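Just so you know, the sequence shown maps onto residues 900 to 1017 in this note's numbering. Cβ atoms here follow ideal geometry from the backbone N, Cα and C, with glycine treated the same way. A quick note: this is a predicted structure, and the numbers were derived from the prediction, not measured. Report on one structure; see the data block that follows.
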Amino acid sequence: MRPHDPGGLLFVALGLILVAAGYVWRGRVLRPLSAKRAQAAVIQDRSRSLLRSADMAIADARRRAARGEPAIVTVGDVTRVACQHYGHFVEHEEAAAALRQRFDAADCWVDCMTDAFN
């Protein structure tokens, strides 16, 4: 076995270069690799946050409802939560569609009322 194997030195040098690059960039992405993928990610994030806003509006309405009364969730509640929590200004039709979807998924027909189906 030789004391200075060029393959081993090359491997260690490459590792040190990668560690130094990781330290400099610290996991940041300087620019998106693909504009289409970046735009798709933004659209997906917006729709996900809109559905979360609908869930939060339903939960808030259920907390506010008195015992034995149905919780009333409006499209305005969803747009307000989306604006306050996520900074998204949402159209009425978008908020209504998200509320209809989450209304069905959360089985709200039992204890909630909404204006999203009009």
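Burial is judged here by how many other beta carbons sit within 10 angstroms of a residue's own beta carbon; R947 has fewer than 16 and is exposed. The alpha-carbon of S933 is positioned some 31 Å away from that of V980. By the CB criterion at 8 Å, D1010 and A956 fall outside the cutoff. Three or more Cβ pairs drawn from the segment 937–954 and the segment 995–1009 lie within less than 8 Å of each other, which places the two stretches in contact. Per the C-alpha coordinates, the member of L909, I942, F1016, D1006 positioned closest to E992 is F1016. Annotation: the continuous alpha helix (DSSP H) that includes V980 extends over 974–980.
Membership of C1011 in the beta strand (DSSP E) is indicated by the continuous run 1011–1013. In this structure, A960 sits near D976, with a CB-CB distance shorter than 8 Å. Looking at the DSSP output, A934 shares a beta bridge with no other residue.
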